[in-house]
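Note sheet for the following structure.
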Amino acid sequence: MNTQNVILVLSFALGIALKSLKLLSKDDAPVLLRFVLNVCLPPVMILAIYRATLSLDMLLVPLSAMLVVVILYFISSFVGGKLKMPRKTFGSFLIGTMIMNTAFALPYFKAIGSEELARASLFDIGNSILIFTFSYYNAIKYGSKPSGGIQWKKFLSLAPLWAMVIALGIKALSLKIPVTLVSFLEVLGQPVGVLMMVALGLAFSPRMQDFGKAFVAVFIRMGLGFAAGLGLAYLFGLQGIARTVVITGSALPVGFNTLILAEREGLDGGFAATMVSISTLIALFTTPLLIRFF
Numbered sequence: 001m002n003t004q005n006v007i008l009v010l011s012f013a014l015g016i017a018l019k020s021l022k023l024l025s026k027d028d029a030p031v032l033l034r035f036v037l038n039v040c041l042p043p044v045m046i047l048a049i050y051r052a053t054l055s056l057d058m059l060l061v062p063l064s065a066m067l068v069v070v071i072l073y074f075i076s077s078f079v080g081g082k083l084k085m086p087r088k089t090f091g092s093f094l095i096g097t098m099i100m101n102t103a104f105a106l107p108y109f110k111a112i113g114s115e116e117l118a119r120a121s122l123f124d125i126g127n128s129i130l131i132f133t134f135s136y137y138n139a140i141k142y143g144s145k146p147s148g149g150i151q152w153k154k155f156l157s158l159a160p161l162w163a164m165v166i167a168l169g170i171k172a173l174s175l176k177i178p179v180t181l182v183s184f185l186e187v188l189g190q191p192v193g194v195l196m197m198v199a200l201g202l203a204f205s206p207r208m209q210d211f212g213k214a215f216v217a218v219f220i221r222m223g224l225g226f227a228a229g230l231g232l233a234y235l236f237g238l239q240g241i242a243r244t245v246v247i248t249g250s251a252l253p254v255g256f257n258t259l260i261l262a263e264r265e266g267l268d269g270g271f272a273a274t275m276v277s278i279s280t281l282i283a284l285f286t287t288p289l290l291i292r293f294f
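Quick note: our numbering has the sequence shown finishing at residue 294, numbered continuously throughout.
And the structure:
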């Protein structure tokens, strides 16, 4: 385990410790994650794309993320139906397998280099598009107040999405970012990894009675997700960084947005927390291995 992995594991443990000591609570986790999403992550993405070499395979990266979500949706719908869960638990099960915690992998790719981080950020955008459209639709469908709405306003207000648009615009126009502004953006993006892992540590709260079905969901999200990502990498002929990002990204843990959508739409929040907790713990070890070997 290299230094970066140790730092992330210790940050995760710190989050658990802070919650145990009652210095912070589980309710503080969404606040930290919103800070990461809206303040720390956009500068990281802007600099990653600004410093990266654009290529055609970049378009296939977000497409692959979206295809993985759709593939796992059909698998989870079938498997979840066989498990005969209550409607709200099934809703959490379904969106948990569909939502990838792509932000979890960004600190790992950030530690490697700009090219890797740029492609990982694109994978994150593909995932985010479906989180706030297709996944959110399913959360509404199985929630306490079913309706047909999609959260377009929230999707269009995503700071990382606009950071991506700005960065691609700068790149397309061959503009130069002033050195002072680059330094400022670097400072803003520095805490991404630590804050992300502390927040996940705060949210770590597995519910013992849910372990069986939660493990099934985690296997679909990470195990079958890995298989889907590997298959798409071969199908699209992805090589190098793009291949690594797609395979690793497809096997990431259940996303924290599962908790947010479950709470917002009245799904089974305890089951959602168990999926996030189990998969995050596993991903601390599997994510660096996937990056290394694929």
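All residues carry an ideal CB built from backbone N, CA and C; glycine is no exception.
Item	Value
Through-space distance from Glu265 to Ala139, alpha-carbon basis	6 Å
Straight-line gap, Val36 to Val44 (C-alpha atoms, nearest Å)	10 Å
In DSSP terms, what Met100 is bridged to	Val254
Rounded straight-line distance, which links the Cα of Ala105 to that of Ala111	10 Å
Alpha helix (DSSP H) runs contained entirely in the stretch 219–267, provided each spans 4 or more residues	225–235, 240–250 and 257–265
Given 8 Å, three or more beta-carbon pairs between the stretch 54–63 and the stretch 209–229	no
Validate contact between the stretch 17–29 and the stretch 212–232 using beta carbons, cut 8 Å, 3 pairs	no
Proximity of Tyr73 and Met100 at Cβ, strictly below 8 Å	no
Three-state secondary structure assigned by DSSP to Arg119	helix
Same chain, Cβ closer than 7 Å to Ser279, five either side skipped, listed in chain order	Val218, Arg221, Met222, Pro253 and Val254
Three-way DSSP call (helix, strand, coil) for Ala52 in this model	coil
Buried or exposed by the 16-neighbour rule on C-beta atoms within 10 Å, applied to Tyr234	exposed
CB of Glu115 within 8 Å of CB of Ile241, strictly	yes
Helix, strand or coil at Pro191 according to DSSP, with G and I counted as helix	coil
Burial state of Ala172 (16 or more Cβ within 10 Å)	exposed
Assigned exposure category for Phe184 - 16 Cβ within 10 Å defines buried	exposed
Alpha helix (DSSP H) segment containing Arg207, residue limits	It is not in any alpha helix (DSSP H) - Arg207 carries neither H nor E in the DSSP assignment.
Coil, strand or helix - Ser144 by DSSP	coil
Top-ranked residue by Cα proximity to Asn38, from Leu156, Thr286, Tyr136 and Leu63	Leu156
Entirely enclosed alpha helix (DSSP H) segments - the stretch 44–93, minimum 4 residues	57–83
Cα-Cα separation between Met189 and Lys145, rounded to whole angstroms	Checking the displayed sequence, the identity of residue 189 turns out to be Gly instead of Met. The straight-line gap from Cα to Cα measures roughly 38 Å.
Per-residue burial, Pro86 [other beta carbons within 10 Å of its own, 16 or more giving buried]	exposed
Beta-carbon proximity check, Gly225 vs Ala251, cutoff 8 Å	yes
8 Å Cβ cutoff met for Phe93 and Ser121	no
Closest residue to Ser277 among Val246, Leu10, Leu63 and Ile16 (Cα-Cα distance)	Ile16
Check whether Asn257 and Ile125 have beta carbons under 8 Å apart	no
Inter-residue spacing [alpha-carbon to alpha-carbon] between Leu284 and Pro62	23 Å
Assigned exposure category for Arg178 - 16 Cβ within 10 Å defines buried	The residue asked about is misnamed: residue 178 is Pro in this sequence, not Arg. Classification of Pro178: exposed, given that the 10 Å Cβ count is below 16.
Exposure of Gly113, with buried meaning 16 or more beta-carbon neighbours within 10 Å	exposed
Ser135 beta carbon less than 8 Å from that of Pro160	no
Distance between Leu261 and Leu67 (C-alpha atoms, nearest Å)	21 Å
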